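Numbering (UniProt numbering), first residue to last: 1 to 443. Every residue, glycine too, gets a C-beta built ideally from N, C-alpha and C. What you are looking at is a predicted structure, and each value in this text was computed from that prediction instead of being measured. One structure below.
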């Protein structure tokens, strides 16, 4: 799927189509979870600090908090559609999967391209979401081809061109080469996949290890016979870091928890499920380990809620001793998520205000449990479903639109107007028939 998070926002909030949309944390430590292609033109990308991406895009940037529950529903529908054509999928994340349909085994490149175009057309016709498909002799080539196909295209790499295509690509494009392996190879003058392929098995094993090296060497030479298989769901998603110097203050530990928590949260978003339990792992300088957990009343993908929960579990190094390692983990994973009715209370602090699709950003953060945040889904008895695109100084501007209704009108109201209520974000998809079929009788 192309720029999936931002594309879902543009689908459900049609005024944003053609606009540079950034999805992610809105606070000072916020990270970009997704960027539309209009934003990528300016250099914005996923995993970049939000403040940096906003500077790159400029005043036209539209910044929205993630709506994990909406992306989850959209993802499930997309892959249900694909499974009607490709029954076995190895799903990597919300927006990416491998398939190996038996019906195109032995087909020509032109026939494979026709199959892929028909699949993309089916997904678009039923969801309104754009995808790109890559095809090749194995997973490695197919994954690289899908990147070359973006945005909104198909790229079929035939056996004859495979070796030449791989040879000129940076070695980092090889699946399994991370920054550490890339640095080792660069120091030896190996910067392309082709240069890696020319090494002997023994040379690669010496540089990358006896287990990983030969496997990566085979991929570099275009040898990839790994089958497509359904994946077992992970029970926990986590990230951890060992510090160059032991942390000795609670402030240092809280800063580290925010950074590590953001890494874990990005993995959670890619997984496509919400987490109910937050765990911190603390390893002291004497190598002893402490773990503490907290369970939320519902599964969530809200970064601020999850990370603030982790920070509340920390122990003061002054009391327990210097800290050499910290980990943040999310478990109790579930596809059933609930957006909090009182997000400001959950987060333990207000978000930074962000400009919506028009008008200036409020001069002060929105605070208080009954206030509204930019990006909140709301319902009005006369205008129907909408979303908050600006809030502050006791007023808010709401854009009333959904996927099916198309670009809508904007109206400004008092923020305390009782007839404006919180809405289910999933309603913005306007897929009533689909949702009724999946969850009959649900309100």
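With DSSP as the reference, please indicate the residues paired to residue i in a beta bridge.
i           : result
residue 372 : Residue 372 is not bridged to any residue.
residue 377 : 387
residue 294 : 278
residue 240 : 327
residue 21  : 62
residue 398 : 388, 411
residue 247 : 323
residue 130 : DSSP output for residue 130 lists no bridge partner at all.
residue 266 : In the DSSP output, where bridge partners are listed per residue, residue 266 has none listed.
residue 300 : 275
Among the options, which residue has its Cα nearest to the Cα of residue i?
i           : options            : result
residue 310 : 41, 143, 287, 275  : 275
residue 134 : 405, 122, 156, 151 : 156
residue 223 : 411, 197, 190, 96  : 197
residue 378 : 257, 395, 399, 393 : 399
residue 172 : 219, 415, 242      : 219
residue 313 : 329, 292, 296      : 292
residue 73  : 95, 87, 56, 225    : 95
residue 397 : 433, 407, 373, 147 : 373
residue 81  : 103, 200, 127      : 127
residue 455 : 288, 326, 268, 279 : Shown here, the chain extends from 1 to 443; a query on residue 455 therefore has no answer.
residue 235 : 281, 434, 425, 330 : 330
residue 54  : 297, 92, 24        : 24
Going by other Cβ atoms of all chains shown within 10 Å of its Cβ, with 16 needed for buried, is residue i buried or exposed?
i           : result
residue 50  : buried
residue 175 : exposed
residue 162 : buried
residue 15  : buried
residue 341 : Legend: pLDDT at residue 341 = 34, less than 50; position of this residue unreliable, value from coordinates given subsequently. Result: exposed.
residue 294 : exposed
residue 152 : exposed
residue 230 : exposed
residue 111 : exposed
residue 446 : Coverage of the chain is limited to positions 1 through 443, which leaves residue 446 absent and any answer about it impossible.
residue 20  : buried
residue 165 : buried
residue 302 : buried
residue 200 : exposed
From what residue to what residue does the alpha helix (DSSP H) around residue i run?
i           : result
residue 314 : Run containing residue 314: none; DSSP gives neither H nor E here.
residue 127 : 109 to 127
residue 75  : 68 to 83
residue 42  : No alpha helix (DSSP H) contains residue 42, which DSSP labels as neither H nor E.
residue 96  : First-last for residue 96: 96 to 99, but that is the beta strand (DSSP E), not the alpha helix (DSSP H).
residue 187 : 179 to 187
Just to confirm the assignment, what range does the beta strand (DSSP E) spanning residue i have?
i           : result
residue 460 : This structure gives no information on residue 460, because the portion of the chain shown stretches from 1 to 443.
residue 93  : 89 to 93
residue 32  : 32 to 35
residue 156 : 154 to 156
Does chain B have any CB closer than 9 Å to the CB of residue i?
i           : result
residue 169 : The structure shown has no chain B; it contains just one protein chain.
Would you call the CB atoms of residue i and residue j closer than 9 Å?
i           : j           : result
residue 187 : residue 154 : no
residue 61  : residue 45  : no
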